[in-house]
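A.B. asks:
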Ligand code: XUL
Ligand code: MN
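In the numbering used here, the protein residues as written are 28 to 393.
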């Protein structure tokens, strides 16, 4: 299986601003980013419709930009694997898009998503991914969480109906995140999203896009999060990056933190032959200049490939094989009685050695 590497346009277009500091890089043009990604090893990209088409653009301008993007895509041999909408950055949605306490604002959010779905369709995106960054709360007294879930349900139902009505070959996904920018977001983990999807009118059309950083922010094991999505047949996409647990959203480059977690995520995706694009959603460091963003792109892809090679080594390692065969045999064998005095069976677990073999393989000493 040929792996497809993908980046959000917004990752490369990120200008290095943070809540305490101004941008450190000049803006990159999205069309330039599409060609640049292809030139630096990516076969695909994701975008928010607004990354390409400034909000408020007239239809003719939208069509011109889509036409130009499609031309770039054809020329560079790169495709669009997911579209979304930047419903989170505009002041009108400050108290929520789909969950706003104002019906008028909820309608605006749905219209905004629907328009972005149309853009995604025109770019050939098979997936519309929704990260509802404002669909949360700081003041729980302001909204019942049950009402929030019902509003989210109504919103997702309407968007799925929009896709069906137009006959688009497009699925929907939820990208969960526990918090930030809101104090708490309602769709916070893969588990929350899966339970929520089951309440929708067309649950088959909707899946999840787990992000490593978002799982780590909730203190969760990202490989386990992704496994839940895979197990439910709902892994519609993935966002790869790095993050120190239980902190603000760092969006570090893939491989920039949590080496072992990253290894087990790659191992899961590779062992399961997951066919989807390996999408990166990280930011070049604020210290990086315009030139350096392409090092960032190549670095993320290279980190994935190196980890995939480590997975291959792990899977082919003779001692690992022996240990895993031994572990599998326990399923049916009775453990030996350790001492006559104890009289009860005791198993010699070999996990210390196994864990060290992972360490050695990752460090390159094996
Ligand atoms: C935010 C995040 C977003 C989504 C796309 O944390 O991950 O960039 O991936 O809206
Ligand atoms: Mn993301």
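Using N, Cα and C, we set each Cβ at its ideal position, and we do this for glycine too.
Values in this document were obtained by computation on a predicted structure and should not be read as measured data.
What do you get for residue 128, buried or exposed, if any count of 16 or more other CB atoms within 10 angstroms of its CB means buried?
C.D. replies: The residue in question, residue 128, is exposed, as its Cβ has fewer than 16 Cβ neighbours within 10 Å.
A.B. asks: When every heavy atom of the ligand XUL is checked, does at least one fall within less than 7 Å of the C-beta of residue 238?
C.D. replies: yes
A.B. asks: I want to know whether the segment 258-269 touches the segment 234-243 - three or more CB-CB distances under 8 Å.
C.D. replies: yes
A.B. asks: Spatial neighbours of residue 151 within its chain, please: CB distance less than 7 Å, with the 5 preceding and 5 following residues excluded, ordered by chain position.
C.D. replies: 106, 107
A.B. asks: So, helix, strand or coil for residue 354, using DSSP?
C.D. replies: helix
A.B. asks: Can you tell me which of 50, 46, 37, 291 puts its alpha carbon nearest to the alpha carbon of residue 315?
C.D. replies: 50
A.B. asks: In the DSSP assignment, what residue or residues form a beta bridge with residue 18?
C.D. replies: Outside the shown range of the chain, which is 28 to 393, sits residue 18, and nothing can be said about it.
A.B. asks: Mind checking whether residue 160 and residue 115 have CB atoms under 8 Å apart?
C.D. replies: yes
A.B. asks: Quickly, what does DSSP pair residue 77 with across the bridge? List them, please.
C.D. replies: For residue 77, which the question treats as bridged, DSSP gives no partner whatsoever.
A.B. asks: Do residue 239 and residue 249 have their beta-carbon atoms positioned less than 8 Å apart in this structure?
C.D. replies: Yes, they are a contact pair.
A.B. asks: Going by DSSP, what residues sit across from residue 45 in a beta bridge?
C.D. replies: 48
A.B. asks: Straight-line CA distance for residue 337 to residue 390?
C.D. replies: About 10 Å.
A.B. asks: In or out: residue 287 buried (at least 16 other Cβ within 10 Å) or exposed?
C.D. replies: exposed
A.B. asks: At a cut-off of 7 Å, is residue 344 close to the ligand XUL when judged by its beta-carbon and the heavy atoms of the ligand?
C.D. replies: no
A.B. asks: To the nearest whole angstrom, what separates the beta carbons of residue 57 and residue 36, a pair I think is in contact under 8 Å?
C.D. replies: 5 Å
A.B. asks: What number of angstroms, rounded off, separates the C-alpha of residue 381 from the C-alpha of residue 359?
C.D. replies: Residue 381 and residue 359: Cα-Cα distance of roughly 21 Å.
A.B. asks: Just verifying my parser: in three-state terms, what is the DSSP assignment at residue 122?
C.D. replies: coil
A.B. asks: Which parts of the segment 292-347 are runs of the alpha helix (DSSP H), unbroken and 4 residues or longer, counting only runs that do not cross its ends?
C.D. replies: 319-343, all fully within the segment 292-347.
A.B. asks: Suppose the cutoff is 6 Å on Cβ atoms and the five residues either side in sequence are ignored; what does the same chain contact list for residue 140 look like?
C.D. replies: The residues 112, 186, in chain order, have a CB closer than 6 Å to that of residue 140 in the same chain once the five nearest residues on each side in sequence are set aside.
A.B. asks: Secondary structure at residue 155, three-state DSSP: helix, strand or coil?
C.D. replies: strand
A.B. asks: Quick one: is residue 77 near chain B, going by C-beta distance under 8 Å?
C.D. replies: Among the chains in the structure shown there is no chain B, since it carries only a single protein chain.
A.B. asks: Give the straight-line distance between the Cα atoms of residue 301 and residue 371, rounded to the nearest whole angstrom.
C.D. replies: 43 Å
A.B. asks: Please determine whether the Cβ atom of residue 310 lies at a distance below 7 Å from any heavy atom of the ligand MN.
C.D. replies: no
A.B. asks: Who pairs with residue 35 in a beta bridge, going by DSSP?
C.D. replies: 73
A.B. asks: Determine the burial state of residue 290: buried for a count of at least 16 other Cβ atoms within 10 Å of its Cβ, exposed for fewer.
C.D. replies: buried
A.B. asks: Would you call the CB atoms of residue 61 and residue 96 closer than 8 Å?
C.D. replies: yes
A.B. asks: Does DSSP put residue 220 in a helix, in a strand, or in coil?
C.D. replies: Correct three-state label for residue 220: helix.
A.B. asks: Could you check how far apart the C-beta atoms of residue 223 and residue 176 are, in whole angstroms? I think they sit under 8 Å.
C.D. replies: 7 Å
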